[in-house]
Each structure stands twice: as C-alpha cells, then as structure tokens.
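Written below as structure tokens is the structure these notes are about.
Shown next, in the form of structure tokens:
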C-alpha cells in the first residue's frame, strides 16, 4: 500500500496548511510598509531556493523583524507567531495572511501540523529559533527548529536582521526611526540532519548544536558585511 506523503509519523495529518495565497498578500503588504517606512538593505536573497520547502531561521530582537523579513524575502513566508499576538482584529488578519498561531506553553499539535503542512506543500516556514525576543544573537535555541528541519528534511536558510534596535524613533519610541536603514542578510541554505535519517532526541539535540554553530557564524559574517 502506498504511503500518503502528506501524512507524518503515526498517521499525523500534515495538510491544513495556511494559505500560500494569503502569505503572498502578506508579503505584498510587507513590501509596501517596510519600504515605505524604512530603508531595507537586502543582501543574499539570491541564496533562497526558488522552489521547494525552506525554513527561515531569523534572529529576533525587535517586533518588526518578522514583518521586515516577510516584506523583503523573495518568497511568501508563513511565520510561527505566539498566540498572544492574535488579539482583536489582528488575529483574523494574521491568519488571513497565512501566519501560524502557536501556544508556546505546550506542545501545540495544531501549530505543529499546520507548520509541517507549509513544508509539505513546498512553502517557506519562518521561525525565531530563540523562541522569544531578546538580544537576537542566536545564543540560546529552542528545539522547535531542529524538529521541523530534521522531520521535514527542508533546508534552513539563516537570516540576520540588523539595525532594528540601534535607535528609537522620535514619533514612535518603540520603532526604529522612520526612513532609517535596516539590513536583512540571507545566508547559504544547509541541512540540519546528519544524513542518517534519525529523529531521536539525541539526533535532535545534535542537530540543534550544528544549527547554532551555523546561525552564529552567519550572524558574525552579516555583522562584518554590514559593519553593524
């Protein structure tokens, strides 16, 4: 009997993916807002595979990091976003543009299924591997990134967003100054697994170490390249 490629282990259904059309709408909105409000400088976008599943691993130091990547990336992106952001009218809007709500306090099976669905459909999944906003230096990674990368086999593209926290705007203190430059640097895609196909806890832990080394190296290269 032929196995359904859209089912994961133990028959876990990985369809019900967010709409790529919605994510494309979100990308177009992001293009207008990010280039209208700031001056993004995008480096290395040619490194993003033109087709097939991809995971963006993005450092996270400011709330605009996700929208910035959505607006400058060459492909529509579905980000894993904490459920606390889905409040009021913002909730239906985020869902409408193909973003994935996740409950960080538990193993959110619905979010996992939808995220795997994005990759099964050959889409781009955006993840903040540090799990929450902080220094944006990839110093501490959560296990989610390695899980999605090892399980799906999708390559990881490291993404460094630099300049979003250097200064505060005069009109809106919580945002970078209007028309200031924000750099977004895409790195070379790489495989997280070791080629064995193992998905054990040990394999995921080892993958996390490899991922952290690659992300940290990319961030250092991005800082040298941009002078930030």
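In the numbering used here, the protein residues as written are 2 to 229.
Note that the Cβ used here is the ideal one computed from N, Cα and C, for glycine as well.
Just so it is clear, the structure is predicted and the values come from calculations on it, not from any experiment.
For residue 200, no beta strand (DSSP E) segment is defined, and its DSSP state is neither H nor E.
Between residue 191 and residue 156, the gap from beta carbon to beta carbon is short of 9 Å. Judged by beta-carbon spacing, residue 63 lies beyond the 9 Å limit of residue 185, meaning their Cβ atoms are not closer than that value. Considering only 101, 129, 29 and 107, the residue with the shortest C-alpha distance to residue 216 is 129.
With respect to the C-alpha of residue 164, the residue from 150, 86 and 228 having the closest C-alpha is 228.
Nearest to residue 54 by alpha-carbon distance, out of 84, 32 and 21, is 21. One thing to note: residue 77 has its Cβ no nearer than 9 Å to the Cβ of residue 115. Secondary structure of residue 161 (DSSP, three-state): strand. Going by C-alpha positions, residue 111 is about 15 Å away from residue 126. For the pair residue 36 and residue 197, the Cα-to-Cα distance works out to about 43 Å.
Contact check for residue 73 against residue 119 fails: the beta carbons are separated by 9 Å or more. The C-beta separation of residue 99 from residue 19 comes to about 4 Å, placing the pair in contact by the 8 Å criterion. At a Cβ-Cβ threshold of 9 Å, residue 123 and residue 154 do not count as neighbours.
Taken in chain order, the complete alpha helix (DSSP H) segments of 4 residues or longer contained in the stretch 29–85 are 66–73. By the beta-carbon neighbour count (other beta carbons within 10 angstroms, threshold 16), residue 102 is buried. Its chain contains 56, 58, 128, 130, 157, 193, 209 and 212 as the residues whose beta carbon lies nearer than 8 Å to that of residue 146, once the 5 sequence neighbours on both sides are disregarded; these appear in chain order. Approximately 6 Å separates the beta-carbon atoms of residue 205 and residue 151; this is inside 8 Å, confirming the contact.
The Cβ-Cβ distance between residue 69 and residue 41 falls below 9 Å.
Per DSSP, reduced to three states, the secondary structure at residue 98 is coil, with no helix or strand assignment. Within its own chain, the residues whose Cβ lies closer than 6 Å to the Cβ of residue 44, once the five positions on either side in sequence are excluded, are 186, listed in chain order. Non-local C-beta neighbours of residue 24 in its own chain, meaning closer than 7 Å and more than five positions away in sequence, comprise 77, 78, 79, 98 and 99, ordered along the chain. Taking 9 Å as the cut-off, the beta carbon of residue 34 is found no closer than this to the beta carbon of residue 176.
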